[in-house]
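Okay, structure first, notes after.
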Amino acid sequence: MMAWLIRLIKGVVIALGFILPGVSGGVLAAILGIYERMLSFLAHIRRNFKADFFYFLPVGIGGILGIGLLSRPLEFLLAHYQVIVLWGFAGAIIGSLPALWVESQSRHKRDRIDFAWLIGTFIVSLVVLYALPYIFGTLPANFGTFILAGILIALGVLVPGLSPSNLLLILGLYTPMLTGFKSFDLLHVFLPIVIGGVLAMLLFAKGMEHLLETQHSRVFHFILGIVAASTLLILVPNAKVADSISYTGANAMTFILAVIFAALGLLLGIWMSHLEETYK
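In this note's numbering, the protein residues as written are 7 to 286.
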């Protein structure tokens, strides 16, 4: 029972990676010592299915509880202190980048192709993610787009260091998702996100395991490019995105607090990276 409760608590903690911009569920899973077993389970789901299913059942329950409990205060903070909170999130992301940089060459020495992947991914991601709302318009919050949200959340679990909430903010799905989580909207929010998450994990887990084994350096330079671009866009207003940061009404105190929280977020990101390195 105690082991079951501990895994439940781990699920609550990993839920932070689902809803906090700058926090990766994969990183938290690695810190808590369950990432490798989780990836192996998802990549080879028929192998030891019963044992792994019951092992991760409390983790899943804890994740749902964590999402429901944490969404309400987070929605309040974003509604009333958006600039300060988003700068704090950006600081946390930046704090995790050095660890990703080190991890990107942990198996192979960095080469010119890696730099090309990094720079190319950063530029393309920056342009595409900013222009996306202008090309396709704001994504409506509906069953289909929440399936997309579930896919992005699953990728944030499968790929340590990738924060899905960054992308959800840019796509305009973040606040509607939090609202649905807060009210425990099982049919219109939880269900499509679960569908998207399960589909992504079943489809991509084996591929991610293979890529990390064979193209580890390229994958992490790709992740670095996306993370850097999406972090920058969190702090840049975009008139086409409802969740975009707005500096309207911000004063000197707002920016002072934003810098302070960005620094605190930076320290948090560095600390979390050290924890992952210690426990992975």
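Where a beta carbon is used, it is the ideal one built from N, C-alpha and C, also for glycine.
Report the residue ranges of all alpha helix (DSSP H) runs contained in full by the region 127–171; include only those spanning at least 4 residues, in chain order.
Whole alpha helix (DSSP H) segments, 4+ residues: 149–164.
Coil, strand or helix - Q88 by DSSP
Start at 1 with the first residue of the sequence shown, and residue 88 comes out as number 82. Of the three classes helix, strand and coil, the one that applies to Q88 here is helix, per DSSP.
CB of Y136 within 8 Å of CB of D249, strictly
Locating residue 136 in the sequence shown gives position 130, where the first residue counts as 1. Locating residue 249 in the sequence shown gives position 243, where the first residue counts as 1. In this structure, Y136 keeps its C-beta atom at 8 Å or more from the C-beta atom of D249.
Quick one: give me the first and last residue of the alpha helix (DSSP H) that L193 is part of.
Stepping through the sequence shown from its first residue, residue 193 is reached at position 187. Per DSSP, L193 belongs to no alpha helix (DSSP H) and is neither H nor E.
Please report the straight-line C-alpha distance between G105 and I276, rounded to a whole angstrom.
Sequence index remark: in the sequence shown, residue 105 carries index 99 (1-based). Sequence index remark: in the sequence shown, residue 276 carries index 270 (1-based). A small fix is needed here, since residue 105 is Ala in this sequence, not Gly. Distance from the CA of A105 to the CA of I276, rounded to the nearest whole angstrom, comes to 8 Å.
With contact counted as at least three CB pairs below 8 Å, one residue from each stretch, are the region 253–268 and the region 93–100 in contact?
Contact holds: three or more Cβ-Cβ distances are below 8 Å.
Quick check: the region 103–120 against the region 200–217, are at least 3 beta-carbon pairs closer than 8 Å?
Three or more Cβ pairs closer than 8 Å define a contact, and the region 200–217 falls short of that threshold against the region 103–120.
With a CB to CB cut of under 6 Å and the five nearest residues on each side skipped, what residues in its chain are close to D58?
Mapped onto the sequence shown, residue 58 falls at position 52. If we look at D58 and ignore the five residues flanking it on each side, its Cβ neighbours are F47.
Which residue marks the beginning of the alpha helix (DSSP H) containing T254, and which one marks its end?
One-based indexing of the sequence shown puts residue 254 at position 248. Per DSSP, T254 belongs to no alpha helix (DSSP H) and is neither H nor E.
Range of the contiguous alpha helix (DSSP H) that encloses G225
Counting from one through the sequence shown, the residue named residue 225 turns up at place 219. In the sequence on display, residue 225 carries Val and not Gly. Start and end: H222 to I240.
For the alpha helix (DSSP H) containing I13, name the first residue and the last one.
Looking up residue 13 in the sequence shown gives position 7. Here the sequence assigns Arg to residue 13, which means Ile is not the residue at that position. It spans M8 to I20 - the alpha helix (DSSP H) in which R13 sits, taken as one unbroken run.
Along the chain, where does the alpha helix (DSSP H) containing A49 start, and where does it finish?
Counted from its first residue, the sequence shown places residue 49 at position 43. Per DSSP, A49 belongs to the alpha helix (DSSP H) from Y41 to A49.
How big is the Cα-Cα spacing for I251 and I176?
The count along the sequence shown starts at 1 and reaches residue 251 at position 245. The count along the sequence shown starts at 1 and reaches residue 176 at position 170. So the two alpha carbons sit approximately 10 Å from each other.
From Y61 to W10, what does the alpha carbon distance come to, in whole angstroms?
One-based indexing of the sequence shown puts residue 61 at position 55. One-based indexing of the sequence shown puts residue 10 at position 4. Y61 and W10: Cα-Cα distance of roughly 8 Å.
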